[in-house]
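If you're matching positions, the sequence shown starts at 21 in the numbering used here and goes up one per residue. Don't be surprised by glycine CBs; every beta carbon is placed ideally from N, CA and C. Since the structure comes first, as structure tokens, the remarks are kept for the end.
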Amino acid sequence: LLAADGTIAATIFAEMSALAARTGAINLGQGFPDEDGPAEVLEAARQAIADGVNQYPPGIGMPVLREAIAAHQRRFYGIDVDAASEVLVTAGATEALAATILALVDVGDEVVTFEPYYDAYAALIARAGGVHRTVPLRFPDWRPDLDELEAAVTDRTRIILVNSPHNPTGAVLDADVLASIVRLAGRHDAIIVTDEVYEHLTFGAPHTPIASLPGARERTISISSGGKTFSTTGWKIGWITAPAALVTSVLAVKQYLTFVNGAPFQPAIATGLGLPDAVFADAAATLRDKRDLLAAGLEAAGFTVSLPDAGYFVVADAAPLGYSDGAVLCRELPERAGVVGVPVSAFVHPDRQDAYRSLVRFAFCKRHDVLEEASARLSRLT
Ligand code: PMP
Ligand code: GLN
21 LLAADGTIAA
31 TIFAEMSALA
41 ARTGAINLGQ
51 GFPDEDGPAE
61 VLEAARQAIA
71 DGVNQYPPGI
81 GMPVLREAIA
91 AHQRRFYGID
101 VDAASEVLVT
111 AGATEALAAT
121 ILALVDVGDE
131 VVTFEPYYDA
141 YAALIARAGG
151 VHRTVPLRFP
161 DWRPDLDELE
171 AAVTDRTRII
181 LVNSPHNPTG
191 AVLDADVLAS
201 IVRLAGRHDA
211 IIVTDEVYEH
221 LTFGAPHTPI
231 ASLPGARERT
241 ISISSGGKTF
251 STTGWKIGWI
261 TAPAALVTSV
271 LAVKQYLTFV
281 NGAPFQPAIA
291 TGLGLPDAVF
301 ADAAATLRDK
311 RDLLAAGLEA
321 AGFTVSLPDA
331 GYFVVADAAP
341 LGYSDGAVLC
351 RELPERAGVV
361 GVPVSAFVHP
371 DRQDAYRSLV
381 RFAFCKRHDV
391 LEEASARLSR
401 LT
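As structure tokens, this is what we get:
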């Protein structure tokens with residue numbers, strides 16, 4: 021995380037977006053959509069500004085949004101949460117993760133994640149003085165080995181940090197893996213923190229929140245965000261749902277991170293969460309077409325592709341094209357093909373790169389014409 025001179029390195033997403041801006045390449049690096057989400061959501065934000073919802077909201081979040089989050093958990097998953105005490109609004113899922121980890125992890129506490137992992141996890145665990153233990157997911161099916169999972173979780177484990185659907189792989193954890201996590205957390209008295217920001221962007225079976233499993237809810241902090249579901253990644257409205265005592269602990273940290281955020285966007289995301297089921301299904305179906313388009317383009321170009329079950333990203337192996345190092349390829353890709361991707365190595369600890377070295381993550385949350393042009397450019401890559 022720290023460069024040799026002590027400065028904090030820019031995230032891979034900032035670096036690759038800057039590279040795309042500098043070279044004019046198509047940016048399939050950082051995951052953000054290039055089209056706006058539901059008109060009702062955008063209009064609700066404009067209306068809230070016009071109505072004067074422009075000052076600090078309550079620290080725990082505006083009642084209208086907390087109630088909409090609770091109603092969403094009940095409607096989609098049958099989970100009952102108390103809007104008054106079991107929901108906390110945050111500045112995106114990022115702040116939810118930061119406040120949760122800083123609240124719960126003491127120096128030396130262990131946090132177990134799968135690997136590859138979303139980059140913020142490692143940075144936040146390190147900031148808190150925690151010890152990061154990982155369980156590998158392997159290309160191309162990404163299914164964790166249950167014995168490796170069991171070995172990673174011990175009485176030193178404070179948090180099992182789950183991310184399903186998963187970034188960068190697009191994998192969805194199977195029911196037996198989720199059940200193992202709940203069993204291990206119970207056995208070792210660990211807290212489950214689950215990052216479910218891609219909950220509605222699934223291409224097969226609907227998402228199963230781990231909190232809906234027997235024995236999970238009382239020890240689980242569930243994290244999500246409006247950014248992916250409503251294509252509003254810049255609004256940074258996220259949330260946690262958790263037992264009241266855990267919400268109180270996380271809020272204690274959150275109040276000194278951002279205090280509060282996004283007043284007019286809170287009722288707008290509440291509007292989004294109340295939209296009909298078809299809106300959620302359409303968002304997933306549209307994205308599934310985009311996945312298929314880019315995956316076909318990558319395969320035609322000679323990559324080996326792991327078809328994702330959810331999310332914004334597809335992981336492709338560049339080894340069949342003769343590229344053994346994805347990080348090197350990603351630095352050259354704007355010049356060679358006019359496209360930007362992110363090396364999967366950015367989501368893996370420096371000591372464990374070998375199995376991931378030739379893999380590149382491409383975002384497909386883009387317009388069809390953009391994905392077609394990117395595919396055409398990649399087909400000329402030699
Ligand atoms: N977790 C995962 C797995 C993500 O992919 C992202 C963002 N792409 C976040 C958290 C951060 O979400 P937010 O923008 O709501 O902070
Ligand atoms: N989560 C997004 C991604 O994986 C980017 C978020 C960020 O730039 N930190 O691309």
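(request) May I ask whether a heavy atom of the ligand GLN can be found less than 7 Å away from the beta carbon of residue 33? (result) yes
(request) Report yes if the CB atom of residue 335 is closer than 8 Å to the CB atom of residue 363, and no otherwise. (result) no
(request) Kindly indicate which residue of 377, 319 and 333 has the alpha-carbon position closest to the one of residue 343. (result) 377
(message) I need the straight-line Cα distance from residue 173 to residue 132, nearest angstrom please.
(response) 7 Å
(request) Spatial neighbours of residue 237 within its chain, please: CB distance less than 6 Å, with the 5 preceding and 5 following residues excluded, ordered by chain position. (result) 231
(request) Enumerate, from N- to C-terminal direction, the unbroken alpha helix (DSSP H) stretches of 4 or more residues contained entirely within the region 340-392. (result) 346-357
(request) Take every Cβ of the region 111-121, pair it with every Cβ of the region 87-102, and state whether three or more of those distances are shorter than 8 Å. (result) no
(message) By DSSP's criteria, residue 215 is part of a beta bridge. Which residues make up the other side?
(response) 183 and 243
(message) Taking 8 Å as the cut-off, does the region 321-337 touch the region 152-160 (at least 3 CB pairs, one atom from each stretch)?
(response) yes
(request) Going by CA-CA distance only, name the one from 356, 357, 349 and 359 that's closest to residue 365. (result) When only C-alpha atoms are compared, the closest one is 349.
(message) Measuring alpha carbon to alpha carbon, tell me which residue in 104, 69 and 220 is nearest residue 295.
(response) 220
(request) Tell me whether residue 102 counts as near the ligand PMP, meaning its Cβ is closer than 7 Å to at least one heavy atom of that ligand. (result) no
(message) Relative to the C-alpha of residue 301, which candidate in 57, 191, 149 and 240 has its C-alpha closest?
(response) Here the closest residue by C-alpha is 57.
(request) Return the chain-ordered list of same chain residues with a C-beta closer than 8 Å to the C-beta of residue 36, the five sequence neighbours on each side being excluded. (result) 47, 49, 50, 350, 360, 361 and 362
(request) Alpha carbon to alpha carbon, how far is residue 62 from residue 261? Give it in angstroms, no decimals. (result) Take the alpha-carbon of residue 261 and the one of residue 62: they are about 24 Å apart.
(request) Decide if residue 402 is buried, meaning its Cβ has at least 16 other Cβ atoms within 10 Å, or exposed. (result) Residue environment: residue 402 is assigned as exposed (fewer than 16 neighbouring CB atoms within 10 Å of its CB, all protein chains considered).
(request) Return the first residue and the last residue of the alpha helix (DSSP H) that residue 92 is part of. (result) 83-97
(request) Below 7 Å CB to CB, which residues in the same chain sit around residue 337 once its five sequence neighbours on both sides are set aside? (result) 159, 323, 324, 378 and 379
(message) Just list the residues that DSSP pairs residue 149 with in beta bridges.
(response) Answer is none; residue 149 lacks a bridge partner.
(request) Using alpha carbons as the reference points, say which of 179, 166 and 224 lies closest to residue 199. (result) 166
(request) Check whether the region 311-320 touches the region 143-152, counting contact only when three or more Cβ pairs, one atom from each stretch, lie closer than 8 Å. (result) Touching, no, given that fewer than three Cβ pairs across the two stretches are closer than 8 Å.
(request) May I have the straight-line CA-CA distance separating residue 109 from residue 258, to the nearest angstrom? (result) 6 Å
(message) Rounding to the nearest angstrom, what Cα-Cα distance links residue 289 and residue 85 in this structure?
(response) C-alpha separation (whole angstroms): 7 Å.
(request) Assign residue 346 to buried or exposed, taking buried as 16 or more other Cβ atoms, counted over all protein chains shown, within 10 Å of its Cβ. (result) buried
(request) Would you mind sorting residue 74 into buried or exposed? The rule is 16 or more other CB atoms within 10 Å of its CB. (result) exposed
(request) Please classify residue 218: is it buried, with 16 or more other beta-carbons within 10 angstroms of its beta-carbon, or exposed? (result) buried
(request) List the residues that DSSP assigns as beta-bridge partners of residue 108. (result) 260
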